[in-house]
Amino acid sequence: MGKTISEKILAEASGQKEVSAGQIVWVQVGRAMMDDILGPRVEIAEKLRELGNKVWDPEKVVIISDHYTPPASIKQAEIVKFTRDWAREYGVEKYYEFAGPCHQVMAETGNVIPGTVVLGTDSHTCMGGALGAFASGVGSTEMLGILAVGQTWLKVPETIKVVWEGALRDGVMAKDISLKTIGTIGHAGATYKAVEYMGSVISALPMDERMAITNMAVEMGAKVGLMPTDEVTKAYLERIGVKDYKVYSSDEDAAFCETYAFDASALTPQVACPHSVDNVTDAGNVREVPIHQAYLGSCTGGRLNDIKMAAQLLKGKKIHSGLRMLVSPASKPIWKAADEAGYLKILAEAGAVILAPTCGVCVGLHSGLIAGGENCISSSNRNFIGRMGSKQGNIYLGSPLTVAASAVTGHITDPRELLQGDPTWVN
Amino acid sequence: MGELTGKALKYGDNINTDIISPPQYMELSIEEASAYSMSAVDPEFSARVRPGDFFVAENNLGSGSSRETSPLTLKYLGIHVVVARSYARIFYRNCINVGIIPLICEKSNQIEDGDELKADIEGGRILNLTKNESYECESLPEHIMAIIHVGGLFQYLKGKGR
Ligand code: SF4
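So the sequence lines, in the order shown, correspond to chains A and B.
If you read the first sequence in the working numbering, its first letter stands for residue 786, the second for the next number, and so on.
If you read the second sequence in the working numbering, its first letter stands for residue 5, the second for the next number, and so on.
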């Protein structure tokens, strides 16, 4: 019987010849990531003292202050300072601040290594599966244990296979693939399981787009969202200087618990409606929803390709009056690259406001919250009630193009309506 | 551990971590933030919960964030047992790790708010004293019981001399 990527990585990480879904294994952790909001300050700092008071291997620990940067209050500033001081005290040199949402920072600083186990105190850690790592979110006490001994127990997950064949049409992005998949499998349809995305469409996607898909695997309850490591992955890794890694792929005869097949040629822009991520429909079906805030950013939808797409659509256009468009590039290097390419200028000329690379808007901590009765269209990953501000506000999730198109018209808009007849358009 | 009794606080499907721990209050301590827990669906929650009460939901309890502040808040408010038909993965692990017992009970939908419950953890059973009914729960694997018995992962690791 063949093995899945998850089974192969977890066999290696637990020092066994082979393991199978359902087995409980103790694994060696390749990278342990903490952010500021759920990092050392929650349970960890205090209790690590009683567990030997040192980190098993500071080189394998990464700490990223992203949620409370820039701090909007003294309390937030204190949390960032605490996190920074803690990193220093325990010899963690891989400390990043104001660098962008943790998952993007992890990926672009070469801390997500194919074939290894990456665990972080943030549920979207599963994004790292786009680079072939077994990446997953854990809680604080579990992280405490990992920091003390470098290991934790995991149940080897069953794997759901998600195949996307065909070709994406103009105006349709990976985010639409992501939302369509979640709408079909459901909010809890992959709980405890791994999801492996494959097919000609996935292979044709650039790294930026792939990450928008694996990032949201947890929105179906999945433990990890994996993709095959191919030439695109290898080129990305080479560019950021990651050289030593092992590539695993699922065997032909590996056991998948379920298979879903989708036709990308039939896919249209998708929107997840309040207040759950699987409440998905065609963007065209909710065009009457007026928009008050358009958010382009986050670890899901703030990468260079996302900003480029939005800029192409917004070039020479103005955002609708009375609406605010906020843009937060997903990291400092992305901010800089988007600036150098002229995308930020285009967005600013259209009327958007460019923010720091941060988590702030995505999770309603600072930089732009919504009021009761306001609707936000967002390229981020979660539309739970109250997440971006008032509990009486509504969050709709869409692709960066859908966000940009809606910002122009003032209501939820299928971006293809604005792209039709534009000869300069290239997706 | 034996038997635990308490009143049910009952909710439905998809009670996520943004509801249990609203992100806007996460810079506060668990104690301060607990006043806002569940406020999106039950503004009275923190006022009406009593130590020993059971937190009961239906499907997919605890979806969303990895924030352990959610089970820590429930624990701070005195909840030792949560009951649901199914859980999101990280929340389930976090409950165990902080020392809350997460029971998987297919019949949790038969429990109503205010019902008096009695849980037999080892026997994998919940008695509804108000309705005079009994519900079976999935038994917890041995390695998880070992963690629960000592009160959470921290105590477990400490006991192992780590
Ligand atoms: S951008 Fe949003 S989803 Fe991503 S890490 Fe930050 S808060 Fe979480």
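The beta-carbon is built from N, C-alpha and C at its ideal position, and this holds for glycine as well.
Since the structure is predicted, the reported quantities are computational estimates derived from the model, not experimental observations.
Ala796(A) counts as buried, since at least 16 other C-beta atoms from the protein chains shown sit within 10 angstroms of its C-beta. Sequence-distant partners of Ala39(B) (beyond 5 residues in either direction) whose C-beta falls short of 6 Å from its own C-beta, in its chain, are Ser50. Taking 9 Å as the threshold, the shortest C-beta distance from Gly1149(A) to chain B falls below it. For Glu950(A), there is no enclosing alpha helix (DSSP H); the residue is found in the beta strand (DSSP E) stretching over 944–950. DSSP places Asp907(A) outside both helix and strand once states are collapsed to three, so it counts as coil.
At least one CB atom of chain A sits nearer than 9 Å to the CB of Val102(B).
Following the DSSP letters along the chain, one finds Arg1109(A) inside the beta strand (DSSP E) bounded by residues 1109–1113. Glu1073(A) places its beta carbon less than 9 Å from that of Ile1197(A). The beta carbon of Gln861(A) falls within 9 Å of a beta carbon belonging to chain B, placing the residue at that interface. Going by beta carbons, Leu916(A) and Arg816(A) fall outside the 9 Å limit. In its chain, beyond the 5 residues on either side, Leu929 have a beta carbon closer than 7 Å to the beta carbon of Lys832(A). Using a Cβ distance threshold of 9 Å, Ala798(A) and Val877(A) do not count as a contacting pair. Per the coordinates, the alpha-carbon of Glu142(B) lies some 38 Å from the alpha-carbon of Pro886(A).
Only residues of its own chain outside the window of five on either side were considered, and among them His972, Asn1168, Phe1169 have a CB closer than 8 Å to the CB of Ser1061(A), listed in chain order. By the Cβ rule, the stretch 28–46 of chain B does not count as touching the stretch 865–885 of chain A, because fewer than three pairs are nearer than 8 Å. In chain order, Phe1047, Leu1052, Gln1055, Val1065 place their CB closer than 8 Å to the CB of Lys965(A), counting only its own chain and leaving out the 5 sequence neighbours on each side. In this structure, the beta-carbon distance from Ala979(A) to Lys1008(A) falls below 9 Å.
With respect to chain A, the C-beta atom of Thr73(B) has a partner C-beta closer than 9 Å.
Contacts between Arg1167(A) and chain B, judged by CB atoms closer than 9 Å, involve Asn20, Asp22, Gly68, Ser69 in chain order. Residues of the stretch 923–957 of chain A with a C-beta atom less than 8 Å from some C-beta of chain B are Val923, Gly924, Ser925, Thr926, Glu927, Leu929, Gly930, Ala933, Val934, Trp938, listed in chain order.
Bridge pairing for Gln813(A): Gln936(A) [DSSP].
Take Gln114(B), set aside five residues on each side of it, and the residues of its chain with a beta-carbon closer than 8 Å to its own are Asn132, Lys135, Glu137, Tyr139, in chain order. For Leu144(B), the closest Cβ of chain A is not nearer than 9 Å. Residue Pro899(A) holds the alpha-carbon nearest to the alpha-carbon of Phe919(A) among Thr926(A), Asp907(A), Pro899(A). Residues are counted here when their Cβ sits less than 8 Å from a Cβ of chain B; for the stretch 822–856 of chain A these are Ile822, Leu823, Val827, Glu828, Lys832, Glu835, Leu836, Gly837, Tyr853, given in chain order. Listed along chain A, the residues sitting closer than 8 Å to Ser90(B) by beta-carbon distance are Ala973, Thr976.
The three-state secondary structure of Arg71(B), taken from DSSP, is coil.
Inter-segment contact for the stretch 1081–1091 of chain A and the stretch 7–20 of chain B is absent: fewer than three beta-carbon pairs are separated by less than 8 Å.
Here the alpha carbons of Gly1158(A) and Leu1150(A) stand approximately 19 Å from one another. Annotated as distal: Ile849(A) and Glu893(A), with beta-carbon spacing of 9 Å or more. Between the ligand SF4 and Arg1167(A), a heavy atom-to-CB distance of less than 8 Å is present. The beta carbon of Pro26(B) sits closer than 9 Å to some beta carbon of chain A.
Gly1171(A) belongs to the set of residues whose beta carbon lies under 9 Å from a beta carbon in chain B. In the DSSP assignment, Cys1144(A) falls outside any beta strand (DSSP E) and carries neither an H nor an E. Under the DSSP assignment, Ser988(A) falls outside any beta strand (DSSP E), being part of the alpha helix (DSSP H) whose first and last residues are 985–989. Residue pairing for Pro106(B): DSSP places it in a beta bridge opposite Val86(B).
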